[in-house]
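One structure below.
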């Protein structure tokens, strides 16, 4: 099976697996991340096959939807992806690289104090592509969609954002949705890895700032 066939089979697998998924983590999220990754790859020297597989499989079983005592089982996604890739008879080094991307892509992974985190340009690209989908107009929509899915408050002036969360605190947080802007979304612009990612993120970041200004104006009866 050639690479194009593998990618086609992966797309079919992801679409089927994520049927009925929460709207911010469904097939359309994967498709946008995949497209973002393809765009960023044009200006970076990277293995396009690994980037494609990493983008398509990065949220195949997001830990936040598999609650456990730690706040989410982070082993399920890599297990599901590994089993699928093994069935496609892909070279083991490619499989392991894709699994490392899945294990290290999330924002909460960056909160870990581990000094031996995996790095690669392919991870950088997929991570930027995923983070771009968390900011801007779509990022705002996804943020409130997930907040509604978890039945969280939209905003509570009496609950301040926690700007120094550990990975464990982040995973277990039940804070109002607006807090998530300060605890993650507004921080992503300065955490982008690639030139293309940074350029796109700047515009989306500015959009979120304008949105928050409008939000507070309406909340306080001034707009």
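Numbering (the UniProt record's numbering), first residue to last: 1 to 223. Idealized CB from N, CA, C, for every residue including glycine.
Does the distance from the C-beta atom of residue i to that of residue j stay below 9 Å?
i           : j           : result
residue 10  : residue 56  : yes
residue 126 : residue 58  : yes
residue 179 : residue 164 : no
residue 33  : residue 129 : yes
residue 134 : residue 185 : yes
residue 39  : residue 166 : no
residue 146 : residue 22  : yes
Using the C-alpha atoms, what's the distance from residue j back to residue i?
i           : j           : result
residue 208 : residue 136 : 6 Å
residue 176 : residue 61  : 24 Å
residue 123 : residue 223 : 42 Å
residue 42  : residue 85  : 25 Å
residue 205 : residue 73  : 30 Å
residue 20  : residue 26  : 7 Å
residue 28  : residue 174 : 25 Å
residue 156 : residue 211 : 17 Å
Ordered along the chain, which non-local residues of its own chain (more than five positions away) have a Cβ less than 6 Å from that of residue i?
i           : result
residue 200 : 132
Could you pull out every residue in the same chain whose Cβ sits closer than 8 Å to the Cβ of residue i, ignoring the five residues on either side in sequence?
i           : result
residue 1   : 9, 88 and 89
residue 154 : 144, 147, 176, 177 and 178
Using 8 Å as the cut-off, classify the Cβ of residue i as near or not near the heavy atoms of the ligand GTP, replying yes or no.
i           : result
residue 161 : You won't find the ligand GTP in this model; it holds no ligand whatsoever.
Whose C-beta lies closer than 7 Å to the C-beta of residue i among residues of the same chain, with five residues either side of it excluded?
i          : result
residue 24 : 142, 145 and 146
Practice problem: Tell me, please, whether the stretch 76 to 83 touches the stretch 97 to 107 by the rule of three or more beta-carbon pairs shorter than 8 Å. | Solution: yes
Self-check item: Runs of alpha helix (DSSP H) wholly within the UniProt domain "HD" (26 to 135) (minimum 4 residues, chain order)
Solution: Fully enclosed alpha helix (DSSP H) runs of no fewer than 4 residues occupy 27 to 41, 48 to 57, 76 to 87, 92 to 104 and 121 to 132 of the UniProt domain "HD" (26 to 135), in order along the chain.
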